[in-house]
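These protein sequence lines are chains A and B, in that order. What the first sequence shows, in this note's numbering, is residues -17 to 117, in sequence order. What the second sequence shows, in this note's numbering, is residues 88 to 475, in sequence order.
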Amino acid sequence: MSGEREVATDGGALPETLTYEGWCDGLKNGRLFGQACRECGHVGGTPKAACPHCGSRGLETVSLPTTGEVYTETTVNVPPAGVEERGYQVVIVAVGDARVMARLEGEHVDIGEEVRLAGYVSDEGGAPAPLFEPV
Amino acid sequence: MVRASVVGAGMTKFGVHATPLQELFGEAAMAAFDDAGVGPGDVDALHFGNAMGGQTENDTHLAPKVASHVGIAGVPAQRYEDACATSATAFKNAVEAVESGRHDVVLAGGVERCTPQVGLDTPEMTRIFASASHRQYEQPTGITFPGVFALFTKRHMYEHGTTEEHLAHVAVKNHANGTRNEKAHFGKHVDVEDALDGPVIADPFRLMDCCPFSDGASAVLVVSDEYADSFDAPVDVAGVGHATDVVPMADKATPHVTQAARDAAGQAYEQADTTADAMGFAEVHDCFTGAEILASEALGLVPDGEGGPWAAEGRTAMEGEIPINSSGGLKAKGHPIGATGTGQIVELTEQIRGDAGAHQLAGVERGVAHNLGGDAATTVVTVMEART
């Protein structure tokens, strides 16, 4: 994958250890937090206690770019119970060296197109998911 | 290397059953007992699979319940849950239990009911299936399981030029195979145009690209290599590979290669001292047509990127170079989640014995089964072969 990641430069703005709570707080404030492994360099888009690729506990919280490229996508026409709408697009977006699964709003996008973080959607229990839109 | 042998195999028809779980499992288990010529008193342990009974039927702690129903109460009985790979992991542990010498005879199997018989409609069942997606980082997007495999398949299409027509050919083939299998949920003669006309579930998947919700049970009796010769028709388990991958799927290194399947297949072939080229046939986890294409490549049966064209050219049909899902697969045979993995073992056993009836393949002595769970983050690959 291509792209650059922003490493924490703003001190206290990034949680030292990224948890679900911190990831949600970031998302609700327009940021995507991930983790970079100090051992193998892997960058992931969701919090773990250890690197999923090498097992190192040396994970640094990073702020991921909020624009990225559609890695893959689908349009869900038969939703699960609890989701009222149908025909919505779910995407995996490459944001720098990480990827995140997200909902898309706006015009349909294809693989390779550029999208940017537009906020978040919440499920019926209030759990947020990143929301992207075409650039 | 012979790791264990299957000496008895049984399954219900996959389809719609009003029967409670223990009775459905009992039908498969009794068929396996009769096939092996053993009684419940000969069984040392139960490795049992059921993925969703707690969610679908308010029914948990099922291992001793079904053990009680089939006359083996008292033996160590445990339930496995690994999403759609549930009974394959139960089977793997049964193989290890006899291989290690801990037990002589182990019953492995599973049962599930997924049809509206359990009182749940499609949106409710779609939500329960989606529970295998990551609770925090996937489910809130509104992703479904057709959606998960659509995400894999769309990337495969982008990388390799796989088309919706290729996908349709998988559905047509497996439905045709299902017409010859009396245990199959579905089976009908459809053409590619029919498949391409269906409503879109999660693009690129239309209705015909998706396996059904099914009810059913399957069971096999597993014994050690040393003990196998005292039975009439043992079929050897030469290798069982089991690997996992990162969840959520966005964090997988290259999602559409289904690395866990490649790792599990490598383990199974190595244990069996064989290669993909030596497989006479395969049963793969075609929960969606795209999943069969990914699996055929991950198992090394088809070159990477060629899964679609091979299906379209008939090279994976019953009379093709490498028959895939001659049973009809999940697509037509059906997919009662916790029964699917050992259902594939029943199919391998019957094909290698030459007992598969109307869908019997000619002269197959070695086959491979591929059963995945969730977003393919659990995959179990089993190589079975005729006992020599």
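Ideal placement from N, C-alpha and C gives every residue a C-beta, glycine not left out.
When you compare each of the options to residue i by their alpha carbons, which one comes out closest?
i: residue 338/B; options: 88/A, 9/A, 57/A, 28/A; result: 28/A
i: residue 73/A; options: 104/A, 63/A, 56/A, 65/A; result: 56/A
i: residue 205/B; options: 458/B, 108/B, 294/B; result: 108/B
i: residue 47/A; options: 96/A, 23/A, 20/A, -3/A; result: 96/A
i: residue 106/A; options: 87/A, 114/A, 92/A, 64/A; result: 64/A
i: residue 147/B; options: 113/B, 137/B, 154/B, 428/B; result: 137/B
i: residue 287/B; options: 12/A, 1/A, 69/A, -1/A; result: 69/A
i: residue 411/B; options: 386/B, 202/B, 277/B; result: 386/B
i: residue 94/B; options: 241/B, 460/B, 130/B; result: 130/B
i: residue 119/B; options: 97/B, 112/B, 106/B; result: 97/B
i: residue 233/B; options: 110/A, 59/A, 111/A, -1/A; result: 59/A
i: residue 103/B; options: 125/B, 198/B, 184/B; result: 198/B
i: residue 367/B; options: 384/B, 335/B, 409/B; result: 409/B
i: residue 399/B; options: 216/B, 280/B, 260/B; result: 260/B
i: residue 108/A; options: -4/A, -2/A, -5/A, 9/A; result: 9/A
i: residue 113/A; options: 216/B, 217/B, 228/B; result: 228/B
i: residue 424/B; options: 88/B, 122/B, 135/B; result: 135/B
i: residue 303/B; options: 92/B, 88/B, 89/B, 99/B; result: 99/B
i: residue 128/B; options: 264/B, 172/B, 162/B; result: 162/B
i: residue 256/B; options: 308/B, 110/B, 282/B, 446/B; result: 282/B
State the start and end residues of the unbroken beta strand (DSSP E) segment that holds residue i.
i: residue 496/B; result: Beyond the ends of chain B as shown, which are 88 and 475, falls residue 496/B; an answer cannot be given.
i: residue 302/B; result: 302 to 310
i: residue 57/A; result: 49 to 58
i: residue 14/A; result: 14 to 19
i: residue 471/B; result: 465 to 473
i: residue 98/A; result: 96 to 104
i: residue 117/B; result: That residue, residue 117/B, is in no beta strand (DSSP E); its alpha helix (DSSP H) goes 108 to 123.
i: residue 83/A; result: 80 to 86
i: residue 439/B; result: Per DSSP, residue 439/B belongs to no beta strand (DSSP E); it is in the alpha helix (DSSP H), 424 to 440.
Just curious, the alpha helix (DSSP H) that residue i is in, first and last residue?
i: residue 454/B; result: Per DSSP, residue 454/B belongs to no alpha helix (DSSP H); it is in the beta strand (DSSP E), 453 to 460.
i: residue 173/B; result: 173 to 186
i: residue 36/A; result: No alpha helix (DSSP H) holds residue 36/A; DSSP gives it neither H nor E.
i: residue 212/B; result: 209 to 216
i: residue 281/B; result: 279 to 284
Less than 8 Å between the beta carbons of residue i and residue j, yes or no?
i: residue 140/B; j: residue 133/B; result: no
i: residue 289/B; j: residue 231/B; result: yes
i: residue 419/B; j: residue 332/B; result: no
i: residue 200/B; j: residue 143/B; result: yes
i: residue 167/B; j: residue 83/A; result: no
i: residue 76/A; j: residue 51/A; result: yes
i: residue 86/A; j: residue 14/A; result: no
i: residue 220/B; j: residue 427/B; result: no
i: residue 189/B; j: residue 320/B; result: no
i: residue 336/B; j: residue 238/B; result: yes
i: residue 305/B; j: residue 422/B; result: no
i: residue 318/B; j: residue 124/B; result: yes
i: residue 415/B; j: residue 271/B; result: yes
i: residue 89/A; j: residue 110/A; result: no
Less than 8 Å between CB atoms is the rule here; does residue i satisfy it with respect to chain A?
i: residue 337/B; result: yes
i: residue 209/B; result: yes
i: residue 466/B; result: no
i: residue 237/B; result: yes
i: residue 379/B; result: no
i: residue 223/B; result: yes
i: residue 227/B; result: yes
i: residue 439/B; result: no
For residue i, would you say it is in contact with chain B, using Cβ-to-Cβ distances shorter than 8 Å as the test?
i: residue 23/A; result: no
i: residue 79/A; result: no
i: residue 34/A; result: yes
i: residue -8/A; result: Any answer about residue -8/A is weak, because its pLDDT of 45 lies below 50 and its placement is not dependable; what the coordinates show is given next. Chain B, which has no Cβ nearer than 8 Å to the Cβ of residue -8/A, makes this no.
i: residue 43/A; result: no
i: residue -13/A; result: With a pLDDT of 43 at residue -13/A, under the threshold of 50, the modelled position of this residue cannot be trusted; read the value that follows with caution. Closer than 8 Å: no.
i: residue 59/A; result: yes
i: residue -3/A; result: no
i: residue 55/A; result: yes
i: residue 31/A; result: no
i: residue 7/A; result: no
i: residue -17/A; result: At residue -17/A the pLDDT is 35, less than 50, meaning the model places this residue with poor confidence; the figure from the coordinates comes in the next sentence. Taking Cβ atoms only, chain B never reaches closer than 8 Å to residue -17/A, which makes this a no.
i: residue 85/A; result: yes
i: residue 91/A; result: no
i: residue 65/A; result: yes
Name the chain E residues that come within less than 7 Å of residue i, Cβ to Cβ?
i: residue 109/A; result: In the structure shown, chain E cannot be found, because the protein chains are A and B.
Next on the checklist: Taking contact to mean 3 or more Cβ pairs, one atom from each stretch, closer than 8 Å, check whether the stretch 456 to 469 of chain B and the stretch 317 to 333 of chain B are in contact.
Outcome noted: Touching, yes, given that three or more Cβ pairs across the two stretches are closer than 8 Å.
Next on the checklist: Pairs of beta-carbons, one from the stretch 293 to 308 of chain B and one from the stretch 448 to 465 of chain B, closer than 8 Å: are there three or more?
Outcome noted: No: the two stretches stay apart, fewer than three of their Cβ pairs being nearer than 8 Å.
Next on the checklist: Assess contact between the stretch 244 to 252 of chain B and the stretch 9 to 27 of chain A, defined as three or more Cβ pairs (one per stretch) separated by less than 8 Å. Is contact present?
Outcome noted: The stretch 244 to 252 of chain B vs the stretch 9 to 27 of chain A: no contact.
Checklist entry - With a cut-off of 8 Å, do at least 3 Cβ pairs link the stretch 202 to 221 of chain B to the stretch 309 to 320 of chain B? => result As far as the Cβ criterion goes, the stretch 202 to 221 of chain B does not touch the stretch 309 to 320 of chain B, which means the pair count is below three.
Item to check | Inter-stretch contact (C-beta, 8 Å, three-pair minimum) for the stretch 361 to 377 of chain B and the stretch 416 to 434 of chain B | outcome: The stretch 361 to 377 of chain B is in contact with the stretch 416 to 434 of chain B.
Checklist entry - Does the stretch 31 to 42 of chain A come close enough to the stretch 169 to 186 of chain B that 3 or more CB-CB pairs lie under 8 Å? => result No contact exists between the stretch 169 to 186 of chain B and the stretch 31 to 42 of chain A.
Item to check | At least 3 beta-carbon pairs within less than 8 Å: the stretch 111 to 126 of chain B vs the stretch 149 to 160 of chain B | outcome: With the cut-off at 8 Å, the stretch 111 to 126 of chain B and the stretch 149 to 160 of chain B touch.
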